[in-house]
Structures are given as structure tokens and as C-alpha cells.
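> For what it's worth, numbering that gives the first Met the number 0 labels the leading residue of the sequence shown as 0, then goes sequentially. Note that the Cβ used here is the ideal one computed from N, Cα and C, for glycine as well. Below you will find the structure I want to go over with you.
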Amino acid sequence: MDELSFTVNGRPHDAEPGTTVSRLLARMGIDPARVAIERNEHVVPRATWAEVELAAGDRLEIVAFIGGGSGGGSGDGSGAAREAGDGRFDGRFVDEPLVIAGRRFRSRLLVGTGKYKTLEQGREAIRLTGAEIVTVALRRVDMTPGKPNVLDTVDRTRHTLMPNTAGCYTVEDAVRTCRLARELGMSEMVKLEVIGDPQTLFPDGEATLEAARVLVKEGFVVLPYCTDDPILARKLEDAGCAAIMPLGAPIGSGLGLRNPYNIRIILERARVPVIVDAGVGTASDAAVAMELGCAGVLMNTAIAEARDPLLMAEAMRDGVLAGRKAFLAGRMPRRLHANASSPEQGLIE
0 MDELSFTVNG RPHDAEPGTT VSRLLARMGI DPARVAIERN EHVVPRATWA EVELAAGDRL
60 EIVAFIGGGS GGGSGDGSGA AREAGDGRFD GRFVDEPLVI AGRRFRSRLL VGTGKYKTLE
120 QGREAIRLTG AEIVTVALRR VDMTPGKPNV LDTVDRTRHT LMPNTAGCYT VEDAVRTCRL
180 ARELGMSEMV KLEVIGDPQT LFPDGEATLE AARVLVKEGF VVLPYCTDDP ILARKLEDAG
240 CAAIMPLGAP IGSGLGLRNP YNIRIILERA RVPVIVDAGV GTASDAAVAM ELGCAGVLMN
300 TAIAEARDPL LMAEAMRDGV LAGRKAFLAG RMPRRLHANA SSPEQGLIE
């Protein structure tokens, strides 16, 4: 009997007639718990894998999560005692939680999982940030059986995984990616990226808005990466997005907040959390974003590409907390001229 010919992740593949999705995965040595499958651009529900038989000419995409971010343990003496996210400082400071679509988070630092030198380094850096929301990207699986992936770096009892659509340039690809992430059993909360330019990685505002409308209608909790355009931010909010995530600067640039004034306008008008996404380079950039009144900061490259990623993870954690405290405390007024700190009464003459 002639074998079936089809493609898997763009490569030719053969199997005997009657081969089901489950049998194919077993033959390829792929752990079914860690992948999602698309057949001819339609998600194959996991519950049907044992019954769905492959046909000649089928185009299968088998995907899993990889490290991704903006631009994603038990504690020891270096981090546990100072771990942020519990909203406390010296027993006095108690902050309100970050609330996204009714879910409460103690940490206002969101991190990605990409670009670390090793999985172990990524796992420890994420722990030291105190972040609760961790972003991951979806890609075709590596066909090497048993190869570890990004899920091995994240303690899912402590972190909420937020799939992102990094690398998507069309509405259709972004929506497909989110549907596959849902099939993988992730939460409904997704970071939406629809890129409009490969050099700057600036988002396509029109396509992002269109994709957001589709995803919101399908029940996703959408956090869109967008430019610092107050008009677009309002449209995304009106479309039902659970938060707005304007860029501080191009992804991975480390330039910091290039236009804090637009961010301030977005903050003045927003009814949902505003989270700066992309462009942060160091802890002071994170503090500036929080001092403006942002609800949080999402970053990846600034930590992963630091000379000492673990130390930078702590610095970013502390920078977000310091900026939040400064915002709540309220800064002193700016003055053109000096205003002496010491009283002038009683001066020796």
C-alpha cells in the first residue's frame, strides 16, 4: 500500500495510510503534552488526535513555546529576603495589586524568557525579578526528541505564562498563534504583536487593532504591543483590550523612554492598565516609567544581555519598586531657582 505524503513544519514526510495525529507524534518521539498542532491552517483539538487520520497533501505545523519577551524556586540568601512582588518594604509599604481583567498580581514587573545563555540562567534571572507574568513565544518544534524547551525554565506554580505573537506580520498569523497557544493549555491572556517593519520592529497599528477585535471576540484577554500613539491606545481600549502596552523605544534597543510625554497623555486617558513594553535598558528606565504612573513594565533584553543578568534582574526588580513608590509618594515641585533646605533664621552673622 502506498504511503501518504504530507509536510510537517515545511518538510516532506511519509506515513502509512490510517496514521493518526497521535501515532505520528509517537513515531516522531514528540511529547504530546508540550505541543499544539495545526492541520491545513486549522487547529486540531487535542481531544481528537487519536481519531484524526492524516491525508495526502496535508500541511501540519507542530509548535511549542520558546523563549520570548518584549522586544519572557525556593530562594537563597541573595534573592529571597529582598524578593519584590509582595508589596512590602521594611514592614511599612503595602501597594495595591496590579489588576488585569480581574486577575490580581503583586509584581508590576513582567519579563520575557528569551536570549539567556542557558536555561538555568534564565530560570534564576526570572526568579530574582519576582515577576509573576512571564511571556513566551510559539515556534515550530525542534524535532530532536527530549530536547528541553522554555517551559523547563518556568515554575508554572508561581508564574503565569503569557503567550505572545512575536514575529507575526499579519492579522491572520497573530490570530493563528493565539489559537494554538490556547490549544497548548495556556491562559487566555496573550500579548498581541503584529509587526509592521522588520528593521525597527515597530508594530502595525491598524493590523494590531484588527487582530485585537478578533481575539477579544473569541474570549482572549488581549494586551497589545503598540506605538506611543494616544489615539491608537484609545481605539485598542475601546476594542476591549485588557491593558495597553506602548513601546518606550524599539524592541531590544535599550534606549529608554524616548517620548514620555505621549506616555503621559495615554496615562491621563486610559481606563485600563498601561504597561511600558520594549526599549528599557537599565533600572533607571524602569523607574522612570513607573514614576510616570505606569501600571507595570515588560522587559527581556535589558536583563538577558546585561553583563551580569542575575544582578540586573535584581536591579530591575528594585527599580520598578522604587519608581512605584516615588509615584505614590508624589515628587516635589520643580523650581527654576534654589530653595534652601536649611532655615535662614538663626544664622551666625
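#1: Using the C-alpha atoms, what's the distance from L256 back to A305?
#2: How many Å lie between M311 and N299 at the Cα?
#3: Check N258 in the structure and name its three-state DSSP category.
#4: Considering only their Cβ atoms, is the gap separating E40 from R138 smaller than 8 Å?
#5: Report the residue ranges of all beta strand (DSSP E) runs contained in full by the stretch 180 to 213; include only those spanning at least 3 residues, in chain order.
#6: Can you tell me which of the three DSSP states S4 falls into?
#7: Can you say whether L53 is buried or exposed, counting buried as having 16 or more other CB atoms within 10 angstroms of its CB?
#8: Can you tell which of R334, A285 and D227 has the C-alpha that lies nearest to the C-alpha of V319?
#9: Consult DSSP for V170 and reduce its assignment to one of helix, strand or coil.
#10: Can you look up D13 in the DSSP assignment and give me helix, strand or coil?
#11: Helix, strand or coil: which one does DSSP assign to C434?
#12: Under a three-way DSSP split, which group does V380 fall into?
#13: Just checking my contact of G56 with R316 at CB under 8 Å: how many whole Å lie between their CB atoms?
#14: Going by Cα to Cα distance, which pick from D196, I230 and S21 is closest to L266?
#15: With DSSP collapsed to three states, give me the class of V133.
#16: I need the DSSP call for G28, collapsed to helix, strand or coil.
#17: Taking just the CA atoms, how far does A282 sit from G239?
#18: So, using beta-carbon positions, are T159 and E131 closer together than 8 Å?
#19: May I have the straight-line CA-CA distance separating R87 from V93, to the nearest angstrom?
#20: Report the residue from E15, P11 and T47 whose alpha carbon sits nearest the alpha carbon of R58.
#21: Based on the DSSP output, what are the partners of L297 in its beta bridges?
#22: Helix, strand or coil: which one does DSSP assign to A83?
#23: Rounded to the nearest angstrom, how far is the Cβ of E209 from that of P202, given a contact under 8 Å?
#24: How big is the Cα-Cα spacing for C225 and M244?
#25: Grab me the residues of G78's own chain with a C-beta within less than 6 Å of its C-beta, minus the 5 sequence neighbours each way, in chain order.
#26: From G74 to A32, what distance separates their C-alpha atoms?
#27: Could you check the C-alpha separation between E50 and T18 for me, to the nearest Å?
#28: Helix, strand or coil: which one does DSSP assign to R102?
#29: M315 by DSSP, collapsed to three states: which one?
#30: Can you tell me which of the three DSSP states V287 falls into?
#31: What residue range is occupied by the uninterrupted alpha helix (DSSP H) comprising A35?
#32: Which word fits A241, buried or exposed, when buried means at least 16 other C-beta atoms lie within 10 angstroms of its C-beta?
#33: Who are the Cβ neighbours of D85 in its own chain at under 7 Å, not counting the five residues just before and after it?
#34: Going by DSSP, what residues sit across from M161 in a beta bridge?
#35: Alpha carbon to alpha carbon, how far is L214 from E171?
Checking against the coordinates, here is how it stands:
#1: As a first step, residue 305 must be located in the sequence shown, where it is residue number 306. As a first step, residue 256 must be located in the sequence shown, where it is residue number 257. Straight-line Cα distance between these residues: approximately 18 Å.
#2: One-based indexing of the sequence shown puts residue 311 at position 312. One-based indexing of the sequence shown puts residue 299 at position 300. Approximately 11 Å between the Cα atoms of the pair.
#3: Locating residue 258 in the sequence shown gives position 259, where the first residue counts as 1. DSSP places N258 in coil when its eight states are reduced to three.
#4: What you label residue 138 is simply residue 139 of the sequence shown in a count that begins at 1. What you label residue 40 is simply residue 41 of the sequence shown in a count that begins at 1. Result no, Cβ atoms of R138 and E40 do not sit closer than 8 Å.
#5: Fully enclosed beta strand (DSSP E) runs of 3 or longer: 188 to 191.
#6: Sequence index remark: in the sequence shown, residue 4 carries index 5 (1-based). Residue state, collapsed to three classes: strand.
#7: As a first step, residue 53 is located in the sequence shown; it is residue number 54 there, counting from the start. L53 is buried by the Cβ-count criterion.
#8: Sequence index remark: in the sequence shown, residue 319 carries index 320 (1-based). Of the listed residues, the one whose Cα sits closest to V319 is A285.
#9: In the sequence shown, counting from the first residue as 1, residue 170 sits at position 171. DSSP places V170 in helix when its eight states are reduced to three.
#10: In the sequence shown, counting from the first residue as 1, residue 13 sits at position 14. Here D13 sits in strand by DSSP.
#11: Any question about residue 434 goes unanswered here, given that the chain covers just 0 to 348.
#12: Outside the modelled stretch of the chain, which goes from 0 to 348, sits residue 380, for which no answer is possible.
#13: Here the question's residue 56 lines up with position 57 in the sequence shown. Here the question's residue 316 lines up with position 317 in the sequence shown. That pair is no contact at about 51 Å.
#14: Taking the first residue of the sequence shown as position 1, residue 266 is located at position 267. When each option's Cα is compared against that of L266, the closest is I230.
#15: Your numbering for residue 133 matches position 134 in the sequence shown. The answer is strand: DSSP assigns V133 an E or B state.
#16: One-based indexing of the sequence shown puts residue 28 at position 29. Note: G28 maps to coil in three-state DSSP.
#17: Indexing the sequence shown from 1 puts residue 239 at position 240. Indexing the sequence shown from 1 puts residue 282 at position 283. Near 31 Å, if we compare the C-alpha coordinates of A282 and G239.
#18: As a position in the sequence shown, residue 159 is number 160, starting the count at 1. As a position in the sequence shown, residue 131 is number 132, starting the count at 1. The answer is yes: Cβ separation under 8 Å.
#19: Looking up residue 87 in the sequence shown gives position 88. Looking up residue 93 in the sequence shown gives position 94. Any reading at R87 must be qualified, since the residue scores a pLDDT of 45, below 50, and its modelled position is unreliable; no value is offered.
#20: As a working mapping, residue 58 is identified with position 59 in the sequence shown. That would be P11, whose Cα lies nearest to the Cα of R58.
#21: Counting from 1 along the sequence shown, the entry for residue 297 is found at position 298. Paired residue(s): L109 and D276.
#22: For the purposes of this step, residue 83 is identified with residue 84 of the sequence shown, where counting begins at 1. The predicted model places A83 with a pLDDT of 39, which falls under 50 and marks its position as unreliable; any figure quoted below should be read in that light. Of the three classes helix, strand and coil, the one that applies to A83 here is coil, per DSSP.
#23: Taking the sequence shown and counting its residues from 1, one reaches residue 209 at position 210. Taking the sequence shown and counting its residues from 1, one reaches residue 202 at position 203. With 8 Å as the limit, E209 and P202 do not qualify as a contact, their Cβ atoms being about 12 Å apart.
#24: Here residue 225 refers to the residue found at position 226 of the sequence shown. Here residue 244 refers to the residue found at position 245 of the sequence shown. Going from the Cα of C225 to the Cα of M244 covers about 6 Å.
#25: Counted from its first residue, the sequence shown places residue 78 at position 79. With a pLDDT of 34 at G78, under the threshold of 50, the modelled position of that residue is not reliable, and the figure given next carries that caveat. Here the set comprises L127.
#26: Your numbering for residue 74 matches position 75 in the sequence shown. Your numbering for residue 32 matches position 33 in the sequence shown. Confidence at G74 is low in this model, with a pLDDT of 35, below 50, so the placement of that residue is unreliable and no value is reported for it.
#27: Position 51 of the sequence shown, counted from the first residue, corresponds to residue 50. Position 19 of the sequence shown, counted from the first residue, corresponds to residue 18. The alpha-carbon atoms of E50 and T18 are separated by roughly 9 Å.
#28: Here residue 102 refers to the residue found at position 103 when the sequence shown is read from its first residue. Correct three-state label for R102: strand.
#29: Taking the first residue of the sequence shown as position 1, residue 315 is located at position 316. DSSP places M315 within a helical segment (H, G or I) once states are collapsed to three.
#30: In the sequence shown, residue 287 corresponds to position 288, counting from 1. It is helical.
#31: As a position in the sequence shown, residue 35 is number 36, starting the count at 1. Element bounds for A35: not the alpha helix (DSSP H) but the beta strand (DSSP E), A35 to R38.
#32: Along the sequence shown, one-based indexing puts residue 241 at 242. Buried, since its Cβ has 16 or more Cβ neighbours within 10 Å.
#33: Numbered from 1 along the sequence shown, position 86 holds the residue referred to as residue 85. Because D85 sits at a pLDDT of 43, beneath the cut-off of 50, its placement in the model cannot be relied upon, and the point is left open.
#34: Counting from 1 along the sequence shown, the entry for residue 161 is found at position 162. For M161, which the question treats as bridged, DSSP gives the partners T134.
#35: Residue mapping note: residue 214 aligns to position 215 of the sequence shown, counting from 1. Residue mapping note: residue 171 aligns to position 172 of the sequence shown, counting from 1. If you take the alpha carbons of L214 and E171, they lie about 11 Å apart.
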